[in-house]
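Each remark here refers to the structure printed beneath this line.
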């Protein structure tokens, strides 16, 4: 299946358009009154801008936040109040826009009282079960990493589990927890978010299907969409027409 490339002039347009499309798709799914929409969220500055815009659009679109399940693709295995964790800032932004249902919100385990990242990963795998994401939002790193899956690292090796713990990730941070490629590819749709000149090489490699680039190996079962700004797409052909 061919990836769909959506290009925007800057990160503001990217965030607003991605948020608008996300809300529209959720409202479409929820035309079925029994439908619970499963979203997998990602970290990163552009993702936070999408969440902020997204939260303010739900009511107008007729989408019901009470029928959304929120999951995460990866996070730092650190204290709950660590501002660098993905879940905390995302939830804070969304909570200011709509009411979150704690029973349908699934941040990855924090390090408070959990023995290690492997144990936390096992806990999250059990919680996740056989859930299929309707839409999985993913960021891409400068070297092409996606979620906690890095090039030339054990996280990129074939995995049979859905969630793994990472000790001493290549980013030089604390331990992490991440969904694996097989878990991400259970998603009906995968939406990549990429902005900035520093992501351009990774975007080009991923879209070429490079086997050495983790982001190039993750695809949705029904659709894969790339939301990129002009800077992130500088290595790709760009045509402008005057009508």
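Residue numbers (the working numbering): 624 to 866. A virtual CB, placed ideally from N, CA and C, is assigned to each residue, including glycine. All figures in this text were calculated on a predicted structure; none of them were measured in a lab.
Rounded C-alpha distance that separates residue i from residue j
i	j	result
residue 797	residue 699	7 Å
residue 826	residue 765	9 Å
residue 788	residue 801	7 Å
residue 629	residue 804	23 Å
residue 843	residue 734	31 Å
residue 814	residue 691	17 Å
residue 694	residue 831	28 Å
residue 846	residue 771	22 Å
residue 818	residue 647	22 Å
residue 631	residue 751	34 Å
residue 627	residue 848	5 Å
residue 753	residue 811	13 Å
residue 625	residue 736	44 Å
residue 738	residue 732	11 Å
residue 701	residue 642	28 Å
residue 676	residue 834	34 Å
residue 820	residue 706	25 Å
residue 775	residue 667	22 Å
residue 727	residue 853	36 Å
residue 650	residue 822	31 Å
residue 720	residue 652	21 Å
residue 851	residue 681	23 Å
residue 725	residue 749	18 Å
Where residue i sits in the DSSP three-state scheme
i	result
residue 660	strand
residue 635	helix
residue 630	strand
residue 766	coil
residue 640	helix
residue 699	strand
CB-CB length for residue i against residue j, believed under 8 Å
i	j	result
residue 769	residue 841	6 Å
residue 672	residue 718	Not really, about 16 Å apart at Cβ, beyond 8 Å.
residue 716	residue 678	6 Å
residue 838	residue 790	At roughly 22 Å, the Cβ-Cβ gap does not stay under 8 Å, so residue 838 and residue 790 are not in contact.
residue 762	residue 807	The Cβ separation is near 12 Å, so there is no contact.
residue 767	residue 836	4 Å
residue 809	residue 697	Wrong, their Cβ atoms sit about 15 Å apart, outside the cutoff.
residue 634	residue 669	6 Å
The ligand ATP heavy atom lying under 6 Å from the CB of residue i
i	result
residue 771	Absence of the ligand ATP is noted for the structure shown, with no ligands found whatsoever.
Next item on the list: Pick out the complete beta strand (DSSP E) segments inside the stretch 770–858, 3 residues or longer, and give them in chain order.
Entry: 786–789, 799–802, 812–817, 846–852
Check: Are there three or more Cβ pairs, one per stretch, closer than 8 Å when the stretch 647–665 is compared with the stretch 755–765?
Finding: yes
Checklist line | Validate contact between the stretch 741–753 and the stretch 705–714 using beta carbons, cut 8 Å, 3 pairs | finding: no
Check: Are there three or more Cβ pairs, one per stretch, closer than 8 Å when the stretch 777–785 is compared with the stretch 678–691?
Finding: no
Notebook entry, point to check: Which residue spans inside the stretch 706–764 form an unbroken alpha helix (DSSP H) run of at least 4?
Noted result: 710–718, 740–751
Margin query: Tell me whether the stretch 843–861 and the stretch 819–835 touch, counting them as touching only if at least three CB pairs, one residue from each stretch, are closer than 8 Å.
Written below: yes
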